[in-house]
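Colleague: Respectively, the protein sequence lines represent chains A and B.
With the working numbering as the guide, the letters of the first sequence map in order to residues 278 to 698.
With the working numbering as the guide, the letters of the second sequence map in order to residues 2 to 232.
This is the structure I have questions about; it appears just below.
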Amino acid sequence: MFDYDKWQEILHTLRKNKLRTLLTAFGVFWGVFMLVIMLGAGKGLQNAIYSGMGDFATNSMFVWAQPTTMPYDGFPRNRYYSFKIEDMEAIKNAVSAIDVITPTVNGGGWRQTTNVVYQMQKGAYEVKGIMSGENKIDPVDIYKGRYINEIDNLHTRKVILIGYRVYEELFAKGEDPVNKYVKLNGIYFKVIGVFKSRHTGGWGEQQNSLMFIPFTTTQQIYNYPNNVDHFSIVGKPDADISQVESSVKAVLARRHGIHPDDKGAFGSNNVGERFKKMNGLFLGIRGLVWFVGVFTLLAGVIGVSNIMLIIIRERTQEIGIKRAVGAKPVKIISMIISESVFLTSIAGLLGMATGIYLVSLADKLIGNPEAGNAVILNPEIDIRVAITAVAVLVVFGMLAGIIPARRAVSIKPIEAIHDQN
Amino acid sequence: MIALNNLHKSYFNGSNQLHVLKGIDLEIQDGELVSIMGSSGSGKSTLLNILGILDNYDEGNYYLADKLIKDLNETKAAWYRNQMIGFVFQSFNLISFKNAVENVALPLYYQGVPRKKRNRIALEFLDEMGLKDWADHLPNELSGGQKQRVAIARSLITNPNVILADEPTGALDSQTSYEVMDIFKKVNEKGITVIIVTHEKDISERTDRIIHLADGLIDKEYRPKKTMDYV
Chain A
278 MFDYDKWQEI LHTLRKNKLR TLLTAFGVFW GVFMLVIMLG AGKGLQNAIY
328 SGMGDFATNS MFVWAQPTTM PYDGFPRNRY YSFKIEDMEA IKNAVSAIDV
378 ITPTVNGGGW RQTTNVVYQM QKGAYEVKGI MSGENKIDPV DIYKGRYINE
428 IDNLHTRKVI LIGYRVYEEL FAKGEDPVNK YVKLNGIYFK VIGVFKSRHT
478 GGWGEQQNSL MFIPFTTTQQ IYNYPNNVDH FSIVGKPDAD ISQVESSVKA
528 VLARRHGIHP DDKGAFGSNN VGERFKKMNG LFLGIRGLVW FVGVFTLLAG
578 VIGVSNIMLI IIRERTQEIG IKRAVGAKPV KIISMIISES VFLTSIAGLL
628 GMATGIYLVS LADKLIGNPE AGNAVILNPE IDIRVAITAV AVLVVFGMLA
678 GIIPARRAVS IKPIEAIHDQ N
Chain B
2 MIALNNLHKS YFNGSNQLHV LKGIDLEIQD GELVSIMGSS GSGKSTLLNI
52 LGILDNYDEG NYYLADKLIK DLNETKAAWY RNQMIGFVFQ SFNLISFKNA
102 VENVALPLYY QGVPRKKRNR IALEFLDEMG LKDWADHLPN ELSGGQKQRV
152 AIARSLITNP NVILADEPTG ALDSQTSYEV MDIFKKVNEK GITVIIVTHE
202 KDISERTDRI IHLADGLIDK EYRPKKTMDY V
């Protein structure tokens, strides 16, 4: 039930010294405001980085061959070797935690471009020989046509999937490239599709400048003896990708006559590990933000508590009168805690509203993911975070009221009545 | 009826003990109009605080309306004060941001009476004090006499057994003091016990019985001569 007298009193006390109330409230306001802004910025930073990653499989790793660093099995150190396509089957059979394994071969070598000609246009882009599994590792959006499939590989088809930037540079605007022929190193390839990268920023640019052809076709036109430059591996959802990494390397070492302890013979990139670290980093940032935010808030709340003590001091006589005419201690305590919670909550909610308003304003101003290199993307506040913050505020408000309330009821009514301010 | 048996009270100030009440024996019948007199330090305020359950005592017994009032917790004491005792103070002790009628209604607020009802009752009591037209005024818009009448109305609203007045005329001029005493007289005529602590002789002479304290004990008790005409 609405208690008119209680609220009359709360508002009277707060209004009586407006500047003091305002300054006190500001402490709490600022605490919540900073918390919201910092959480929003942290989330924005996270969004920006994750959007750069597109839909890259996170529980994944890559492994490629490097010259050996230890002599073994009669071979000297510093021996060059290549993975073979047959390794794929062997790995898949040996390591059950693997969900997807797919080979990639770089046409002409690592980061080498291949000339491509369409009618009067020509350009030089990287060519990658892939299998259909590639799209499960680093998915792209098909803009036109289709992805490379198993049949392409089976029949060593001369088909090509080109990146959006390649399409833009070789083809006239609006021209449908599907079923057109482009000349790659003097060999005609049928264009089966155009893809767009899901990554933003530099990664996206780079991926959009790639051309994909079937893995088997690459072996033929570049004259490779079934070489694989790297295997991309996705672990099963619950698999420990670091465990998978070492199992895979053990299989490869066995098959290629490499010393079991020769770490230098494999290059690898464990995305799963990196992703975990990054998640840890963001968790750390959030933790830090809460830590700083809550303590800033606590400083504000201590301010409230202090002011409440002063208010109690000023109102000692009044409290004495009330107790003389029959106010029970619980009534006095409830009064003071209500006042403290009221002040804290109002100030906190204002801080939250202002913070959320600023964050959403920033979201509107920054928020275009196509723009790429944004440091902060879609800053936002989780509704659960907001509710938690409100709960924290109410609890803090109550805590702020407890000491003053205890002080108020510890004064004997008779002393309070005779207190001459 | 109020009964005190061998009441002792000491104050402790560090290692110093100040024995204020040294065995008070007193009976006040229902409907009496009593004044307690004594020089400062005689213990009269302490006695009033104990009678008002605002302070506790060390030894002896205090019965109020046949109930033993001893070692009560604050919640219980607040309830007894609210139900059985009305207070009137020297400095009126009205709440500054509540208007006259809200001040009068305050004890009913603590009984949980709804706002409309208690303000209606409070207005009746104000009317009795001749302050109906001042119901909406804040205390600082009232004269001293008016404030004290509001305070008396507040003390009466719960229909208490006893009114305790601590120097109720101390802050008033003599003309207003006599008016206030007339009000107490009228209240008393309705059967409510009134106990007034005062050091003014002319005020005490307007009561039926004077209890004189000196050095923590009742040294004399007498009935004033009813010769003086009330102004």
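Just so you know, even glycine gets a beta-carbon here, dropped at the ideal spot from N, CA and C.
So if I threshold CB-CB distances at 8 Å, which residues from the stretch 98-116 of chain B count as touching chain A?
Modeller: Taking 8 Å as the Cβ-Cβ cut-off against chain A, the residues of the stretch 98-116 of chain B that qualify are Phe98, Lys99, Glu103, Leu107, Pro108, Tyr110, Tyr111, Gln112, Arg116.
Colleague: Apart from the five residues on each side of it in sequence, which residues of its chain come closer than 8 Å, Cβ to Cβ, to Ala79 of chain B?
Modeller: Within the second sequence, the letter at position 78 stands for residue 79 of chain B. Tyr111.
Colleague: For chain A, check one thing: does any of its Cβ atoms lie closer than 7 Å to the Cβ of Val232 of chain B?
Modeller: As a working note, residue 232 of chain B is residue 231 in the second sequence. Reliability fails at Val232 of chain B, whose pLDDT of 44 lies under 50, so the model's placement of it is uncertain and the value that follows must be treated cautiously. No, Val232 of chain B lies away from the interface with chain A (no Cβ there is under 7 Å from its Cβ).
Colleague: Check for me: the beta strand (DSSP E) holding Pro491 of chain A runs from which residue to which?
Modeller: Here residue 491 of chain A refers to the residue found at position 214 of the first sequence. Unbroken beta strand (DSSP E) run through Pro491 of chain A: 487-491.
Colleague: Please confirm if the stretch 303-310 of chain A is in contact with the stretch 109-125 of chain B, defined as three or more CB-CB distances below 8 Å between the two stretches.
Modeller: In short, these stretches do not touch, since the Cβ pair count stays below three.
Colleague: Could you tell me whether any Cβ in chain B is nearer than 7 Å to the Cβ of Lys605 of chain A?
Modeller: As a first step, residue 605 of chain A is located in the first sequence; it is residue number 328 there, counting from the start. Chain B contact via Cβ: present.
Colleague: State the Cα-Cα distance for the pair Ile633 of chain A and Ala666 of chain A, rounded to the nearest angstrom.
Modeller: Numbered from 1 along the first sequence, position 356 holds the residue referred to as residue 633 of chain A. Numbered from 1 along the first sequence, position 389 holds the residue referred to as residue 666 of chain A. C-alpha separation (whole angstroms): 12 Å.
Colleague: Nearest to Ala693 of chain A by alpha carbon, out of B:Leu55, B:Gly61, B:Leu214, B:Leu34?
Modeller: Within the first sequence, the letter at position 416 stands for residue 693 of chain A. Here the closest residue by C-alpha is B:Leu55.
Colleague: Taking 7 Å as the CB-CB limit, is Ala154 of chain B close to chain A?
Modeller: As a first step, residue 154 of chain B must be located in the second sequence, where it is residue number 153. So no, Ala154 of chain B is outside the interface.
Colleague: Tell me, please, whether the CB atom of Pro681 of chain A is closer than 7 Å to any CB atom in chain B?
Modeller: For the purposes of this step, residue 681 of chain A is identified with residue 404 of the first sequence, where counting begins at 1. By this cut-off, Pro681 of chain A is not an interface position.
Colleague: Exposed or buried, His533 of chain A, counting other C-beta atoms within 10 Å across all chains shown (16 or more means buried)?
Modeller: Sequence index remark: in the first sequence, residue 533 of chain A carries index 256 (1-based). With 16 or more Cβ atoms within 10 Å of its Cβ, His533 of chain A is classed as buried.
Colleague: Which residue wins for smallest C-alpha separation from Val505 of chain A, given the options A:Ala342, A:Lys293, A:Leu670?
Modeller: The count along the first sequence starts at 1 and reaches residue 505 of chain A at position 228. Minimum Cα distance to Val505 of chain A is reached at A:Ala342.
Colleague: Is there a C-beta anywhere in chain A that falls below 7 Å from the one on Phe126 of chain B?
Modeller: Here residue 126 of chain B corresponds to residue number 125 of the second sequence, with the count starting at 1. No, no contact with chain A.
Colleague: Classify Trp341 of chain A as helix, strand or coil using the three-state DSSP reduction.
Modeller: The residue labelled residue 341 of chain A in the question sits at position 64 within the first sequence. Strand, per DSSP.
Colleague: Would you call the stretch 581-597 of chain A and the stretch 555-562 of chain A touching, i.e. three or more CB-CB distances under 8 Å?
Modeller: Contact between the stretch 581-597 of chain A and the stretch 555-562 of chain A is absent, because fewer than three Cβ pairs lie under 8 Å.
Colleague: Along the chain, where does the alpha helix (DSSP H) containing Glu241 of chain B start, and where does it finish?
Modeller: Absent from the model: residue 241 of chain B. The displayed extent of chain B is 2 to 232, so no value can be given.
Colleague: With a floor of 4 residues, list each alpha helix (DSSP H) that falls wholly inside the stretch 505-592 of chain A, ordered by position along the chain.
Modeller: Listed in chain order, the complete alpha helix (DSSP H) runs (minimum 4 residues) inside the stretch 505-592 of chain A are 518-532, 548-591.
Colleague: To the nearest angstrom, how far is the alpha carbon of Leu322 of chain A from that of Val578 of chain A?
Modeller: In the first sequence, the residue the question calls residue 322 of chain A occupies position 45. In the first sequence, the residue the question calls residue 578 of chain A occupies position 301. If I take the Cα positions, the gap works out to 29 Å.
Colleague: Relative to the C-alpha of Phe489 of chain A, which candidate in A:Leu565, A:Phe543, A:Gly544, A:Ile425 has its C-alpha closest?
Modeller: Residue mapping note: residue 489 of chain A aligns to position 212 of the first sequence, counting from 1. That would be A:Ile425, whose Cα lies nearest to the Cα of Phe489 of chain A.
Colleague: Could you compute how far the alpha carbon of Lys513 of chain A sits from the alpha carbon of Val528 of chain A?
Modeller: Here residue 513 of chain A is taken as the residue at index 236 of the first sequence, counted from 1. Here residue 528 of chain A is taken as the residue at index 251 of the first sequence, counted from 1. The alpha-carbon atoms of Lys513 of chain A and Val528 of chain A are separated by roughly 18 Å.
Colleague: Report the partner residues of Met38 of chain B according to the DSSP bridge assignment.
Modeller: Indexing the second sequence from 1 puts residue 38 of chain B at position 37. Answer by DSSP bridge pairing, in chain order: B:His213.
Colleague: Report buried or exposed for Val232 of chain B, applying the criterion of at least 16 other Cβ atoms within 10 angstroms of its Cβ.
Modeller: Residue 232 of chain B sits at position 231 when you count from the first residue of the second sequence. For Val232 of chain B, the pLDDT reaches just 44, beneath the cut-off of 50, and the residue's location in the model is therefore unreliable, although a value from the coordinates is still provided. With fewer than 16 Cβ atoms within 10 Å of its Cβ, Val232 of chain B is classed as exposed.
Colleague: Does chain B have any CB closer than 7 Å to the CB of Ser611 of chain A?
Modeller: The residue labelled residue 611 of chain A in the question sits at position 334 within the first sequence. Answer no: the Cβ-Cβ gap between Ser611 of chain A and chain B never drops below 7 Å.
Colleague: Please report the distance separating the alpha-carbon of Val443 of chain A from that of Leu642 of chain A.
Modeller: For this step, residue 443 of chain A is matched to residue 166 along the first sequence. For this step, residue 642 of chain A is matched to residue 365 along the first sequence. One C-alpha to the other measures close to 31 Å.
Colleague: Have a look at Ile688 of chain A and Pro681 of chain A and give me their C-alpha separation to the nearest angstrom.
Modeller: For this step, residue 688 of chain A is matched to residue 411 along the first sequence. For this step, residue 681 of chain A is matched to residue 404 along the first sequence. Each residue's Cα considered, the two are about 11 Å apart.
Colleague: Have a look at the DSSP bridge pairing and note the partners of Ala4 of chain B.
Modeller: As a working note, residue 4 of chain B is residue 3 in the second sequence. DSSP lists B:Glu28, B:Tyr64 as partners of Ala4 of chain B.
Colleague: Are there three or more Cβ pairs, one per stretch, closer than 8 Å when the stretch 97-107 of chain B is compared with the stretch 138-149 of chain B?
Modeller: A contact exists between the stretch 97-107 of chain B and the stretch 138-149 of chain B.
Colleague: What do you get for Glu522 of chain A, buried or exposed, if any count of 16 or more other CB atoms within 10 angstroms of its CB means buried?
Modeller: Start at 1 with the first residue of the first sequence, and residue 522 of chain A comes out as number 245. Classification of Glu522 of chain A: buried, given that the 10 Å Cβ count is 16 or more.
Colleague: Lys608 of chain A versus chain B: which residues are under 7 Å apart at the beta carbon?
Modeller: Position 331 of the first sequence, counting from 1, holds the residue named residue 608 of chain A. Tyr111, listed in chain order.
Colleague: Closer than 8 Å, Cβ to Cβ, to anything on chain A: give me those residues from the stretch 56-82 of chain B, in chain order.
Modeller: Going along the stretch 56-82 of chain B in chain order, one finds Asp56, Glu75, Thr76, Ala79, Trp80, Arg82 with a Cβ nearer than 8 Å to chain A.
Colleague: Between Val468 of chain A and Asn324 of chain A, what straight-line distance do the alpha-carbon atoms span, to the nearest angstrom?
Modeller: As a working note, residue 468 of chain A is residue 191 in the first sequence. As a working note, residue 324 of chain A is residue 47 in the first sequence. C-alpha separation (whole angstroms): 35 Å.
Colleague: Measure the C-alpha to C-alpha separation of Val188 of chain B and Ser617 of chain A and round it to an integer number of angstroms.
Modeller: The sequence position of residue 188 of chain B within the second sequence is 187, counting from 1. The sequence position of residue 617 of chain A within the first sequence is 340, counting from 1. Each residue's Cα considered, the two are about 41 Å apart.
Colleague: For Ile96 of chain B, go through chain A and note every residue whose CB falls closer than 7 Å to its CB, in chain order.
Modeller: Your numbering for residue 96 of chain B matches position 95 in the second sequence. Near Ile96 of chain B (Cβ distances below 7 Å), the residues of chain A are Glu595, Ile598.
Colleague: Which residues of the stretch 683-696 of chain A have a Cβ closer than 8 Å to any Cβ of chain B? Give them in chain order.
Modeller: Answer set for the stretch 683-696 of chain A: Val686, Lys689, Pro690, Ile691, Ile694.
Colleague: Just the Cα atoms here: how many angstroms apart are Ala663 of chain A and Leu107 of chain B?
Modeller: Taking the first residue of the first sequence as 1, we reach residue 663 of chain A at position 386. Taking the first residue of the second sequence as 1, we reach residue 107 of chain B at position 106. Each residue's alpha carbon lies about 40 Å from the other.
Colleague: Grab me the residues of Pro416 of chain A's own chain with a C-beta within less than 6 Å of its C-beta, minus the 5 sequence neighbours each way, in chain order.
Modeller: Start at 1 with the first residue of the first sequence, and residue 416 of chain A comes out as number 139. The residues are Asp332.
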